[in-house]
Amino acid sequence: DGGITQSPKYLFRKEGQNVTLSCEQNLNHDAMYWYRQDPGQGLRLIYYSQIVNDFQKGDIAEGYSVSREKKESFPLTVTSAQKNPTAFYLCASSIRVLYGYTFGSGTRLTVV
Amino acid sequence: GQQVMQIPQYQHVQEGEDFTTYCNSSTTLSNIQWYKQRPGGHPVFLIQLVKSGEVKKQKRLTFQFGEAKKNSSLHITATQTTDVGTYFCAGMIGTASKLTFGTGTRLQVTL
């Protein structure tokens, strides 16, 4: 079945360490997105990519970095510069802009 | 930055009652999408509206897009416990190629 896979589901890291969250899709979607969700809050866009080897900053890109070397993959690195990294991270994809998003099941990151 | 607001933030209804959530943007939206997120889960796409004044139905769910394309609503008739979750609207503002999500409405349904 086609879908988006995020791994791991839960991740614990010590403060000051960089961590990379994986996002892989086999839907042949052009666009991919990373959102952050804090408890009881909405979704805030971190980065998005409409095509391979190209990506744009979202509303809260500071302290994060991404790459899009393959159509299927859009990993997110949470760097030590991110001041409050503990959150639920959601990856999504869409066949193109103006189409509905398919979300992965998310990664809950806890930094201690 | 641009914001998309939803009201109410939370609503608790008895099973069988109707429910409506409203989505408002200060600027014109190119489209509006609706998502449902069950507790502990991830958002799931429900529907997209593109035309001014558009109305779409999915069984007990009715979605509307305002004439000015600045607001939208989701109405659920005769709620069931399976409707529990948070409902998000999301829209593209102007020529932006990304969705701005609303603040969400959490629905609780009890017997």
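Residue numbers (this note's numbering), protein chains in the order written: chain A, 56 to 167; chain L, 2 to 112. Just so it is clear, CB atoms sit at the ideal spot from N, CA and C, and this is done for glycine as well. Values in this document were obtained by computation on a predicted structure and should not be read as measured data.
Asked: If you count every other CB in all the chains shown that lies within 10 Å of the CB of K58(L), and 16 or more means buried, which is it?; Found: exposed
Asked: Taking 8 Å as the threshold (C-beta atoms), are Q61(A) and E127(A) in contact?; Found: no
Asked: Note down, in chain order, every chain L residue with its Cβ under 7 Å from the Cβ of V152(A).; Found: S98
Asked: Rounded to whole angstroms, what is the Cα-Cα separation between L62(L) and T80(L)?; Found: 9 Å
Asked: Does I8(L) pass the burial test, meaning 16 or more other C-beta atoms within 10 Å, or should it be called exposed?; Found: exposed
Asked: Exposed or buried, what is D84(L) when buried is set at 16 or more other beta-carbons lying within 10 Å of its beta-carbon?; Found: buried
Asked: Which residue or residues does DSSP assign as beta-bridge partners of F20(L)?; Found: I77(L)
Asked: Between T96(L), G86(L) and T101(L), which lies nearest to T22(L) when the distance is taken from Cα to Cα?; Found: G86(L)
Asked: Determine the burial state of G41(L): buried for a count of at least 16 other Cβ atoms within 10 Å of its Cβ, exposed for fewer.; Found: exposed
Asked: On the CB-based measure, 16 or more other CB atoms within 10 Å of its CB, does S83(A) come out buried or exposed?; Found: In the sequence under discussion, the amino acid at residue 83(A) is Asn, which differs from the Ser named in the question. Counting Cβ neighbours within 10 Å, N83(A) comes out exposed, since fewer than 16 surround it.
Asked: Would you mind giving the Cβ-Cβ distance between F89(L) and G97(A), rounded to the nearest angstrom? I have them listed as a contact below 8 Å.; Found: 7 Å
Asked: Output, in sequence order along the chain, the residues in the region 25 to 47 of chain L whose CB is closer than 9 Å to any CB in chain A.; Found: S31, N32, Q34, Y36, Q38, G42, H43, P44, V45, F46 and L47
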